[in-house]
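For the sequence shown, this note's numbering begins at 1 and goes up steadily by one.
Glycine included, each C-beta is placed from N, C-alpha and C at the ideal position.
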Amino acid sequence: MNNHTDKQQLNADVAFHLDSVTESGILKYRSDALPTWCPGCGYYGITHGLTQALNELQIENRNLVLISGIGCAGRYPFFVNGYGFHTVHGRGVPVACGVKMANPELTVLAVGGDGDGFGIGGGHLPHGIRRNVDITYIVFDNSIYGLTKGQTSPTTPIGQVSKTTPYGNPDMPLRPVVMGLAYGASFLGLGYAGKPDELKGLFKQAILHRGFSFVVITTPCLTFDHVNITYDRMRDIWEPMPKDHDPGNFESAMALAIDPEYYYGVLYQSNRPSWDDVQADIAVKAKG
Ligand SMILES: Cc1ncc(C[n+]2csc(CCOP(=O)(O)OP(=O)(O)O)c2C)c(N)n1
Ligand code: SF4
Ligand SMILES: [Mg+2]
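1) Going by the C-beta, is N142 closer than 7 Å to any heavy atom of ligand 1?
2) Tell whether a beta-carbon distance below 8 Å holds between F85 and A33.
3) Rounded to whole angstroms, what's the CA-CA distance from N142 to R91? Just pull it up for me.
4) Starting from T5, trace the alpha helix (DSSP H) both ways and give me its first and last residue.
5) May I ask you to check if the CB of S153 is nearer than 7 Å to at least one heavy atom of ligand 3?
6) Rounded C-beta distance between N228 and P126? I'm assuming under 8 Å.
7) Taking the alpha-carbon of I144 as reference, which of T136, L174, G123 has the nearest alpha-carbon?
8) Below 7 Å, is the gap between the Cβ of G119 and the nearest heavy atom of ligand 3?
9) Under the three-state reduction of DSSP, which class applies to V139: helix, strand or coil?
10) At which residue ranges does the segment 97-176 contain complete beta strand (DSSP E) runs of 3 or more residues, listed in the order of the chain?
11) Quick check on DSSP: helix, strand or coil for P77?
12) By the 10 Å Cβ neighbour count, where 16 or more other Cβ atoms means buried, how is Y167 classified, buried or exposed?
13) Starting from the Cα of L54, find the closest Cα among I46, I26, G42 and give me that residue.
14) Throw me the rounded Cβ distance for the G121 and S153 pair, which I believe falls under 8 Å.
15) Rank T107, L66, R75, G113 by C-alpha distance to the C-alpha of D134 and give the top, closest one.
16) Could you give the residue range of the beta strand (DSSP E) that holds P240?
17) Residues in its own chain within less than 6 Å of H222 by CB, not counting five upstream and five downstream?
18) Return the bridge partner residues of I217 from the DSSP annotation.
19) How many whole angstroms separate the CB atoms of G194 and M234, which I take to be in contact at a CB cut-off of 8 Å?
20) Can you tell me where the alpha helix (DSSP H) with Q58 in it begins and where it stops?
21) Apart from the five residues just before and just after I138, which ones in its own chain have a Cβ nearer than 6 Å to its Cβ?
22) Just to confirm my understanding: we take G184, look at its own chain, exclude 5 residues before and 5 after, and list those with CB closer than 7 Å. What are they?
23) Could you check the C-alpha separation between D13 and H4 for me, to the nearest Å?
24) Does the Cβ-Cβ distance between N63 and E105 come in under 8 Å?
25) Take the Cβ of G159 as the centre, count every other Cβ of all protein chains shown within 10 Å, and call the residue buried at 16 or more, exposed below.
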């Protein structure tokens, strides 16, 4: 094929792709603001997975609320056609819980980064999880502070060089998945930004789960991390949850959570009563 034919083919492929995206209906979940993320950021893959999930669940825009903390991930509500609230670090979780408590009819999602949710605002996660309010909390975990240009975060591996640790990170990273299980998460999902179609299924399950769904997405920050979560490295080490894993088995979920391998899928799910269910019981008791 010569250059001219190549270009014609490319244009035809792009036109076909644009048509199929438009016809799918996912664009109704995108706002007029174009994402300001770096080209190639893993957050585009997460966006694609989430918009597909919202579309397949037919969530009405007027019933959709996205609440974020601060960071590159924290900018997400600007790019979504729904209600949104850009809070401060870590407060995505308590504000989202409050919104859901006030109006249980809404589909409420909290989003944020690893620094936002596990470091600077990390005090809120245990309480959201233990109360089991019916929201979905999605952490975009790139193991780095992206927005502020590449400092070490709570999930940066030991030894990794960054702007703030030029001789290598001396601190043990924390383990969000182990923490989530220990706090009592009733749904724990793991995903990878490079697999948007798998993310779609995971987000659908998380949103449909009645209770606090904690979803940790490993995602490349290709601007500030060239060694840890890179597309090349993740391609080889990421694999589906083992076929014999039972998400209802806490011990088996914990065993996988401490395994250094990367898995995607539903790690754990229980049907313990959500905050709403508990409140309904209390209301009955209070009325005698
Ligand atoms: C109390 C406070 N300290 C520091 C900052 C500066 N700050 C803004 S975003 C950010 C890091 C965000 O990293 P992360 O949550 O991992 O999100 P990412 O940018 O990687 O998506 C920091 C330190 C701030 N906004 N508020
Ligand atoms: S700095 Fe990193 S996390 Fe932020 S938009 Fe760019 S690639 Fe994404
Ligand atoms: Mg980050």
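Taking the geometry as given:
1) Because some heavy atom of ligand 1 lies under 7 Å away, the Cβ of N142 counts as near it: yes.
2) For F85 and A33, no; Cβs fall outside 8 Å.
3) Separation of N142 and R91 (C-alpha to C-alpha, rounded to the nearest whole angstrom) is 19 Å.
4) First-last of the alpha helix (DSSP H) with T5: 3-24.
5) Yes; taking the cut-off as 7 Å, the Cβ of S153 has a heavy atom of ligand 3 nearer than that.
6) That belief does not hold up - the Cβ atoms of N228 and P126 are roughly 26 Å apart, past 8 Å.
7) Closest in C-alpha terms to I144, from the list T136, L174, G123, comes L174.
8) Not under cutoff, so the answer is no.
9) DSSP places V139 in strand when its eight states are reduced to three.
10) Listed in chain order, the complete beta strand (DSSP E) runs (minimum 3 residues) inside the segment 97-176 are 107-113, 136-141.
11) Helix.
12) Here Y167 is exposed: its Cβ has fewer than 16 other Cβ atoms, across all protein chains shown, within 10 Å.
13) Of I46, I26, G42, the residue nearest in Cα terms is I26.
14) Not confirmed; about 12 Å, so no contact.
15) Considering only alpha carbons, the answer is T107.
16) Judged by DSSP secondary structure, P240 falls within the beta strand (DSSP E) whose first and last residues are 238-240.
17) According to the sequence provided, residue 222 is Leu. The question's His does not apply to it. Within the same chain, Cβ atoms closer than 6 Å to the Cβ of L222 are found at G40, the five residues on either side in sequence being excluded.
18) I217 is bridged to F140, G191.
19) Yes, G194 and M234 are in contact; Cβ-Cβ is about 6 Å, under 8 Å.
20) Taken as a continuous stretch (DSSP letters only), Q58 belongs to no alpha helix (DSSP H), as it is neither H nor E.
21) The residues are V111, V215.
22) I129, R130.
23) A straight line joining the alpha-carbon of D13 with that of H4 spans about 14 Å.
24) Taking 8 Å as the Cβ cut-off, N63 and E105 qualify as a contacting pair.
25) Answer is exposed; the Cβ neighbour count stays below 16.
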